[in-house]
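**Q** Encoded as structure tokens, here's the structure I'll be asking about.
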Amino acid sequence: MPSTSESLLSLVPVVPVVVVDDLAHAVPIARALVAGGLPVIELTLRTPVALDAIRAITAEVPGILVGAGTVVTPAQADQAVEAGARFLVSPGCTPLLLAAMSSTGVPFLPGTATVSDALAVLEAGISEMKFFPAEASGGAAYLKSIASPLPAARFCPTGGITAASAPSYLALPNVGCVGGSWLTPAAALAAGDWDRIRTLAAEAAALR
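The numbering used here applies: residue 244 is where the sequence shown begins, and numbers increase by one.
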């Protein structure tokens, strides 16, 4: 299992961003991602079963590092860590949420979309952050343009990124990894096609 003592941005080239609607899918998805070479998962807190899915994966898939995404309140940060999340990711950031995620003691990636957002996070002593929604906020060209004025900031861009566009992000000096939801397509989930997810994970793992 990857260690959270390492940079979150250096663990894998693509962090799978996964929405679990059916709790029974959680463990098979996680196992397929590990088999494909991506032993990290950002499980979003967008569904009623999300926290239970984190608990199930933590208990049954020891080879994976489980994180919680779409953390938007201090309470969610605490609940996710209590459920077993080893890192946190937020789509945006406020001083209150930043303090709450920091107080959990686990690594986290606060969400940013502008230079001002990134400056606020840097002022808090945090240099690694999420860039969201990446494509809608200017994409790889935007991140390339802010690399020189913000040399200390490193990003995990997420939102609208595909297998085709991921390499353009990963080539940037201020990008450590990308977040990808394409690894768990709806058709594969509906069919229980875990081999398809494993194949997509293997292709993503080979991007760097």
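Heads up, the beta-carbon is just placed ideally off N, CA and C, and yes, glycines get one too.
1) Measure the alpha-carbon distance for L443 versus E378 and round it to whole angstroms.
2) Terminal residues of the continuous beta strand (DSSP E) containing V258?
3) Could you work out which residue in A433, P259, P245, T347 is closest to A447 when comparing CA atoms only?
4) Alpha carbon to alpha carbon, how far is P394 from Y412? Give it in angstroms, no decimals.
5) What are the boundary residues of the beta strand (DSSP E) that includes V332?
6) Checking 7 Å against the spacing of the C-beta atoms, do S333 and L340 come in under that value?
7) Can you tell which of L365, A361, Q319 has the C-alpha that lies nearest to the C-alpha of T347?
8) Using CA atoms only, rank isn't needed, just tell me which of A383, A299, A293, A343 is closest to P317.
9) I need the straight-line Cα distance from P245 to S391, nearest angstrom please.
10) Alpha carbon to alpha carbon, how far is L362 from D436?
11) Below 8 Å CB to CB, which residues in the same chain sit around V292 once its five sequence neighbours on both sides are set aside?
12) Output the boundary residues of the alpha helix (DSSP H) element that contains G382.
13) From this set, L415, A323, A383, K373, which residue's C-alpha is nearest D295's C-alpha?
14) So, is A429 buried or exposed, given that buried needs 16 or more other C-beta atoms within 10 angstroms?
15) So L286 is in the alpha helix (DSSP H); what residue range does that whole segment cover?
16) So the beta strand (DSSP E) V421 belongs to, where does it begin and stop?
17) So for T427, helix, strand or coil by DSSP?
**A** Concretely, from the data shown:
1) If you draw a straight line from the Cα of L443 to the Cα of E378, it is about 21 Å long.
2) Element bounds for V258: 257-261.
3) When each option's Cα is compared against that of A447, the closest is P259.
4) Rounded to whole angstroms, the separation of the alpha carbons of P394 and Y412 is 16 Å.
5) Residues 330-332.
6) The Cβ atoms of S333 and L340 lie closer than 7 Å to each other.
7) It is Q319 whose Cα lies nearest to the Cα of T347.
8) From the listed residues A383, A299, A293, A343, the smallest Cα separation to P317 is found for A343.
9) In a straight line, the C-alpha of P245 is about 30 Å away from that of S391.
10) Roughly 42 Å separates the two Cα atoms.
11) So the list reads V263, D264, D265, L266, A269, once near-sequence residues are dropped.
12) It spans 382-389 - the alpha helix (DSSP H) in which G382 sits, taken as one unbroken run.
13) Selected option, being the one with the closest Cα: A323.
14) So A429 ends up on the exposed side.
15) Here L286 belongs to no alpha helix (DSSP H); instead the beta strand (DSSP E) covers 283-287.
16) Counting along the chain, V421 sits inside the beta strand (DSSP E) bounded by residues 421-423.
17) In the structure shown, the three-state DSSP call for T427 is coil.
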